[in-house]
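Each remark here refers to the structure printed beneath this line.
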Amino acid sequence: MKREEALELVKKHLKNKNLVKHCLAVETCMKAAARKLGQNIDQWGLAGLVHDLDYELTEKSPERHTTETVKILKELGIDPEVIHAVEAHAGKVPCQNAMDWSIYSIDPLTGLIIAATLMHPDKKLKSIDPEFVKRRYKEKSFAKGARREEIEECKNIPMDLDEFIAICLQAMQGIDQDLGL
27 MKREEALELV
37 KKHLKNKNLV
47 KHCLAVETCM
57 KAAARKLGQN
67 IDQWGLAGLV
77 HDLDYELTEK
87 SPERHTTETV
97 KILKELGIDP
107 EVIHAVEAHA
117 GKVPCQNAMD
127 WSIYSIDPLT
137 GLIIAATLMH
147 PDKKLKSIDP
157 EFVKRRYKEK
167 SFAKGARREE
177 IEECKNIPMD
187 LDEFIAICLQ
197 AMQGIDQDLG
207 L
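Put into structure tokens, the structure is as follows:
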């Protein structure tokens, strides 16, 4: 599946613009992680882009999250590794490889980075640095929904937390206009 087709699929299933932006953020971070690890950038990016395809549909039944996405992706003949990563990000299947661990850890990290950006006086991604994000990370009451224990699983990629934050922040800064930040 070409990226443009995947983006259209996301926009078809997600009407909330912030959810679409979240998918774009996860996509760009997944691509950056793949690049760093010498993995398939397009494959990892696709997993990131479509990971929350059924979010609005399953929002009231979180236990169903990813089930509809999996059906759609299977019908489209998407690589089983991408499908597994989508399921892994929501804890539906165990993480088995670097792509699974990356999406599992990137998903909450993008939320933390956005929250940190919105806390900054000018609310611009390019105005924050990894140290700023790390300070917010250490504040347990800040962005409670950004589950630190999931972010810390980046060690299984393997990547240390500081490098992981830096790679994701830089990737998101690269698409700041798309994210509106």
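Note that the sequence shown covers residues 27 to 207 in our numbering.
Positions of the beta carbon are idealized from the N, C-alpha and C atoms, including for glycine.
Here the structure is a predicted model, which means the values were calculated and not measured.
Confirm, please, whether the CB-CB distance from His91 to Thr84 is below 9 Å. Closer than 9 Å, so yes.
So, is Ser128 buried or exposed, given that buried needs 16 or more other C-beta atoms within 10 angstroms? Counting C-beta atoms within 10 angstroms of its own C-beta, Ser128 has 16 or more neighbours from the protein chains shown and is therefore classed as buried.
Indicate whether Met27 and Ile104 have their beta-carbon atoms separated by less than 9 Å. The answer is yes: Cβ separation under 9 Å.
Starting from Ile104 and walking both ways along the alpha helix (DSSP H), at which residues does that stretch end? Per DSSP, Ile104 lies in no alpha helix (DSSP H) segment and is marked neither H nor E.
For Leu144, tell me which candidate among Asp202, Tyr81, Lys37 and Pro88 has the shortest Cα-Cα distance. Checking every option, the nearest Cα to that of Leu144 belongs to Asp202.
Do Leu151 and Leu205 count as a contact pair if the criterion is CB distance below 9 Å? Cβ atoms of Leu205 and Leu151: closer than 9 Å.
Exposure of Pro134, with buried meaning 16 or more beta-carbon neighbours within 10 Å: Pro134 should be labelled buried.
Tell me whether Thr136 sits in a helix, a strand or coil according to DSSP, three-state version. If DSSP states are grouped into helix, strand and coil, Thr136 belongs with the helices.
Where does Pro156 sit, in a helix, a strand or coil, going by DSSP? Helix, per DSSP.
Hey, could you find the ends of the alpha helix (DSSP H) Ile60 is sitting in? It is worth fixing the name first, because residue 60 is Ala in this sequence and not Ile. Start and end: Lys43 to Leu63.
Glu113 and Asn123 closer than 9 Å at C-beta: Taking 9 Å as the cut-off, the beta carbon of Glu113 is found no closer than this to the beta carbon of Asn123.
Helix, strand or coil, according to DSSP, for Met198 in the structure here? The three-state secondary structure of Met198, taken from DSSP, is helix.
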